[in-house]
């Protein structure tokens, strides 16, 4: 659906995007991650023909961008950074206007398509109020509706849940999963790791304009070969699992052992009461922070070293994490994790 | 896309407010003149104003002369300056282009929208000032001025009831600037000619403002840039030392529309005015297109 080859964009002396070879496949829910200023927005704009590449090639839906953008774009719904609308017009008037402005927006079906899109994003009941009176969340929903009006095959969304409350975030996630199940490929960029972790099947990570990782999320989150055990009797558990315990923090143990069932059997056999037993997986946060440096909005902070060793301690539970940033902060010794760039927008 | 741009123009309160204010200036002037009967003497103040007490039907020409130097170019520069820059700063430009609307197409639609605005404004000024002239100044007042110059309150202005009234008294026809009478049909033709000329003159300003608008995200900046160009041009037009460049200045032939009201019409400057505006429109729109079509949209 989207392929780029050695895509590079320079603004003056600044290389915003360097040699990026993106590969988004049909049916993906692809999450493009990276710190602020890593080149996500520039990349998205290049995919839409708004910014011209310095070198490299782009193909979207089989059409070359920017030369054949007029053929690809009608099949794409896009949210490009913040939503934008004419503030003196109503949300509905804005959607109709944008629909009328370009191709593939048949007048006959316009009213229906606009109403459907508004309903999909939870704005079915909006009145004739002008957009200037909308809340941030309503504007965001309207922006998403604008992307959906022509029932696109491909959604390219930059920070789609920006400004939404937790319920709004879940609504949009459910909507995107539903559309994806109906055959729409979703490409989104975000710096919110929990959001991507909860929604995407495939991720790419940008750092200083380079694509440092691109893989299925499931294969990135293979079990680490360790099991997290919580017990009321940690002393006896340590004694029972002699030599396998790598780390102990009160009643919580990190145990080396590929087979959780076997570990559990040993503990139960020794009469140790097990409260919980979870196969450890790497969190998306670790994966990303290992690979990326400091965001461009930070200065005077020593950049963490990308490509560091795999950290084993954080007790990220199996499966996808709930989209709660607090959940992704592991309760481990501070020196054991790479220093995360503090991003005010994630908290 | 053109329909969309026109819809946006029509749905903006500012459009109608601007047109309303521009039409209000001649109305205010007419009220003052009608109340005081103090028309400026010929050769002073703006063109035709000295004659409007004699004949209210000439007031459209006087009104156009009133709004031409400042009001009209400011309004056109603001609307044209906003064309691309306004969309860019509002963020709607990227959505339009990703919709997709071709960049050339968008530029053409904007030009048509600005042209429409100019034309509507000029027509509105003409129509409202004709009504003002006939209703407030009155078509038959000229005779009164001519026959009883001393009987009017405050008719101390030396120009009131001056030379041009001779033709009026004779045939109740409207007088041209040259003193010869014009029939109503001739007057209508000439007013239409003047309207066309003024609209085209404004397109030069519009082209400059649209050109600047493709470079900046500040609508105000683009508008002021275009106005600064006009002010510079006005300064040079009156400067003898700059006579070499004067024939090429955008405002050099702005007042040539007055020649439509001479008998016979004095075509030379009118033709040059049309030509120079055409050159400005073509050159600046080509430059605007060259810039806009190749620019990275980062807003």
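Residue numbers (the working numbering), protein chains in the order written: chain L, 667 to 1013; chain V, 41 to 339. Where is the CB? At the ideal position from N, CA and C, for every residue including glycine. In this text, all values refer to a predicted model and were calculated from it rather than measured experimentally.
Near residue i, what residues of its chain come up, given a Cβ to Cβ distance below 7 Å and the 5 sequence neighbours on each side ignored?
i: residue 141/V; result: 41
i: residue 126/V; result: 259
i: residue 184/V; result: Bear in mind that a pLDDT of 38 at residue 184/V, under 50, signals an unreliable position, so the number given afterwards is only what the model happens to contain. Excluding residues within five positions, none has a Cβ falling inside 7 Å.
i: residue 771/L; result: 765 and 816
i: residue 954/L; result: 699, 859 and 871
i: residue 670/L; result: 686, 687, 688, 722, 723 and 724
i: residue 837/L; result: 788
i: residue 277/V; result: 286, 289, 291 and 292
Any idea what DSSP makes of residue i, helix, strand or coil?
i: residue 696/L; result: strand
i: residue 129/V; result: helix
i: residue 794/L; result: coil
i: residue 97/V; result: helix
i: residue 978/L; result: Confidence at residue 978/L is low in this model, with a pLDDT of 40, below 50, so its placement is unreliable and the value that follows should be read with caution. Residue state, collapsed to three classes: coil.
i: residue 751/L; result: coil
i: residue 84/V; result: coil
i: residue 154/V; result: helix
i: residue 719/L; result: coil
i: residue 907/L; result: coil
i: residue 832/L; result: helix
i: residue 355/V; result: Missing from the structure shown is residue 355/V; chain V here goes from 41 to 339 and no further.
i: residue 926/L; result: helix
i: residue 280/V; result: helix
Opposite residue i in the DSSP bridges: which residues?
i: residue 675/L; result: 683/L
i: residue 824/L; result: 855/L
i: residue 725/L; result: 669/L and 730/L
i: residue 756/L; result: 796/L
i: residue 304/V; result: Paired residue(s): none; residue 304/V is not in a bridge.
i: residue 689/L; result: 669/L
i: residue 232/V; result: Residue 232/V is not bridged to any residue.
Over what stretch of residues does the beta strand (DSSP E) that includes residue i continue unbroken?
i: residue 882/L; result: 876-882
i: residue 921/L; result: 918-922
i: residue 889/L; result: 889-897
i: residue 819/L; result: Residue 819/L -> no beta strand (DSSP E), and no H or E assigned at all.
i: residue 872/L; result: 868-873
i: residue 914/L; result: 911-915
i: residue 944/L; result: 940-947
i: residue 744/L; result: 742-745
Between residue i and the rest of its own chain, which residues show a CB-CB distance below 6 Å, the 5 nearest in sequence each way excluded?
i: residue 123/V; result: 150, 250 and 253
i: residue 63/V; result: 164, 165 and 168
i: residue 814/L; result: 743, 783 and 786
i: residue 950/L; result: 859 and 863
i: residue 50/V; result: none
i: residue 59/V; result: 161 and 164
i: residue 918/L; result: 896
i: residue 241/V; result: 294 and 317
May I ask which residues mark the beginning and end of the alpha helix (DSSP H) holding residue i?
i: residue 285/V; result: Residue 285/V -> no alpha helix (DSSP H), and no H or E assigned at all.
i: residue 79/V; result: Where residue 79/V is concerned, there is no enclosing alpha helix (DSSP H), given that its DSSP letter is neither H nor E.
i: residue 140/V; result: Careful: residue 140/V lies outside any alpha helix (DSSP H) and carries neither H nor E.
i: residue 849/L; result: Unbroken run through residue 849/L: none, as it is neither H nor E.
i: residue 710/L; result: 706-713
i: residue 329/V; result: 307-334
i: residue 807/L; result: 802-814
i: residue 265/V; result: 259-277
i: residue 736/L; result: 735-738
i: residue 92/V; result: From DSSP, residue 92/V is part of no alpha helix (DSSP H); its letter is neither H nor E.
i: residue 957/L; result: 950-957
i: residue 47/V; result: 42-50
Below 8 Å CB to CB, which residues in the same chain sit around residue i once its five sequence neighbours on both sides are set aside?
i: residue 711/L; result: 717 and 746
i: residue 672/L; result: 685, 686, 687, 721, 722 and 723
i: residue 89/V; result: 69, 73, 79, 80, 102, 105 and 106
i: residue 327/V; result: 251
i: residue 54/V; result: none
i: residue 756/L; result: 792, 793, 794, 795, 796 and 797
i: residue 131/V; result: 339
Of the residues that make up the stretch 124-135 of chain V, which ones have a beta carbon closer than 7 Å to any beta carbon in chain L?
Residues passing the 7 Å Cβ filter: 130, 131, 132, 134 and 135.
Taking beta-carbon pairs under 8 Å, can you tell me which members of the stretch 719-743 of chain L lie near chain V?
Listed by position, the residues of the stretch 719-743 of chain L near chain V (Cβ gap below 8 Å) are 735, 736, 739, 740 and 742.
Residues of the stretch 800-816 of chain L with Cβ closer than 8 Å to any Cβ of chain V, in chain order
Here the close residues are 812.
Give the residues from the stretch 759-775 of chain L that approach chain V closer than 7 Å (Cβ to any Cβ), ordered along the chain.
So the list reads 763, 764, 766, 767 and 768, given in the order they occur along the chain.
Report the residues of the stretch 139-156 of chain V with a CB closer than 8 Å to any CB of chain L, ordered along the chain.
If the cut-off is 8 Å between Cβ atoms, the stretch 139-156 of chain V has 139, 140, 141 and 142 near chain L.
Going along the chain, which residues of the stretch 44-55 of chain V sit with their C-beta nearer than 8 Å to a C-beta in chain L?
Contact annotation: in the stretch 44-55 of chain V, residues whose CB is within less than 8 Å of a CB in chain L are 44, 47, 48, 51, 52 and 53.
Beta carbons nearer than 8 Å to chain L: which residues of the stretch 252-270 of chain V have them?
Flagged: no residues at all.
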